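Residues 5 to 252 (my numbering) make up the sequence shown, in order. Inspection log for the structure reproduced underneath, given as structure tokens.
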Amino acid sequence: MSDPSRPLRTAAVIPAAGRGVRLGPGTPKALRTLGGTPMLVHAVRAMAASRAVSVIVVVAPPDGAAEVSRLLDEHPLPERTDLRVVPGGGTRQESVQLGLAALPDTVDVVLVHDAARPLVPVDTVDAVVAAVRAGAPAVVPALPLADTVKQVDPQPQGAPEPVIGTPERALLRAVQTPQGFDLATLRKAHDTVVEGEGATDDAGLVERLGSPVVVVPGHEEAFKVTRPLDLVLAEAVLARRRATDGYV
């Protein structure tokens, strides 16, 4: 039971337990450096930059919680931020569940943010929180698509794939994070929906419950660093911010 004398809070859960194989072997993706600072640190700072977020739970690789804690200790956050690090699970869904379990009972809104989206602007974070606070059980930031999308009949790697449809681009959005949720709704989704049942993100789990999900405008700088070329773009964005905004 939450204490009614204590104000309810917004938390962010950052799953960072993946290996990031598309960036190549070696250090886990979240610990790769961007401008000399690990991407995870940038992602944590992005959540802490929002005055709405007072609790951040980082879900570390199962055997790397101590290392991640030491790393984050080297990069202090605002004093108002309650930062926690917990070991993750074998899948992303397990890791998010472990992050949710580490939240204090005064939290009623939770953001789930990809550690591989290190440069999301604070205005996007605030917009997601505001939409949940306004009554939406699930909120995702998203952008219209620039490219035409084709639905295909998948074939073995390298083989030509027959096109079976062209969705109307105006009806599609490319979804980003942080995704925001009423905490009770997200916990129910994780407890009810089995990973792999057609959901590729936390909002998809909520959709499977039949609960509404709404979209707010995303931002082009909230892209996911997945491949080496993404890292080049992220370095360029970071260099511009440091030159024009005093970003550290």
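Ideal Cβ positions, reconstructed from N, Cα and C, are used throughout, including at glycine. Predicted, not measured: the structure shown is a model, and the values here were computed from it.
With residue i as the anchor, note down where its alpha helix (DSSP H) starts and where it stops.
i: T95; result: No alpha helix (DSSP H) contains T95, which DSSP labels as neither H nor E.
i: S73; result: 69–77
i: G208; result: 206–213
i: R137; result: 126–137
Taking only the alpha-carbon atoms, compute the straight-line gap between residue i and residue j and give it to the nearest angstrom.
i: P164; j: P158; result: 9 Å
i: T128; j: P160; result: 39 Å
i: H194; j: D205; result: 11 Å
i: F227; j: P182; result: 11 Å
i: V113; j: V167; result: 41 Å
i: V133; j: G162; result: 42 Å
i: R13; j: L44; result: 22 Å
i: L102; j: A188; result: 15 Å
i: A70; j: E239; result: 27 Å
i: E211; j: A131; result: 20 Å
i: H46; j: L176; result: 29 Å
i: M5; j: R191; result: Note that M5 scores a pLDDT of 44, beneath 50, so its modelled location is shaky and nothing firm can be said.
i: E224; j: V197; result: 30 Å
i: L87; j: V153; result: 40 Å
i: M51; j: L209; result: 22 Å
i: P148; j: A178; result: 6 Å
i: A203; j: G169; result: 21 Å
i: S215; j: L233; result: 36 Å
i: P19; j: V229; result: 14 Å
i: P80; j: V48; result: 10 Å
i: A247; j: V72; result: 29 Å
i: R231; j: P42; result: 16 Å
i: V136; j: A174; result: 25 Å
i: L104; j: V220; result: 23 Å
i: V59; j: G222; result: 22 Å
i: A243; j: L213; result: 42 Å
i: V63; j: D77; result: 15 Å
Pull up the DSSP beta-bridge partners for residue i, would you.
i: R13; result: V111
i: T37; result: P42
i: D86; result: V59
i: F227; result: Per DSSP, none; premise fails for F227.
i: V167; result: V156
i: G250; result: In the DSSP output, where bridge partners are listed per residue, G250 has none listed.
i: D186; result: V113
Buried or exposed for residue i, please, with buried defined as at least 16 other CB atoms from any protein chain shown within 10 angstroms of its CB.
i: R121; result: buried
i: D249; result: exposed
i: A150; result: exposed
i: D254; result: Summary: the structure shown does not reach residue 254, with the chain confined to residues 5 through 252, and so no result is reported for it.
i: V236; result: exposed
i: A138; result: exposed
i: P82; result: exposed
i: A142; result: buried
If distances are taken between C-alpha atoms only, which option among the options comes closest to residue i?
i: V156; options: A142, P171, A146; result: P171
i: R74; options: L209, V220, L35; result: L35
i: T95; options: E78, P65, E71; result: P65
i: D67; options: A21, L123, R231, E83; result: A21
i: V16; options: T37, F185, T41; result: It should be pointed out that residue 16 corresponds to Ala in this sequence rather than to Val. Ranking T37, F185, T41 by Cα distance to A16 puts F185 first.
i: P108; options: S99, V61, K33, T152; result: V61
i: V57; options: L147, L242, L115, A174; result: L115
i: V126; options: A105, A142, R55; result: R55
i: A146; options: A207, T37, D77, V111; result: A207
Name the two residues that bound the continuous beta strand (DSSP E) containing residue i.
i: A178; result: 177–179
i: V144; result: 142–148
i: V220; result: 218–221
Taking 7 Å as the cut-off, does the CB of residue i come closer than this to any heavy atom belonging to the ligand FMN?
i: D118; result: Within the structure as shown, the ligand FMN is missing, as the structure has no ligands at all.
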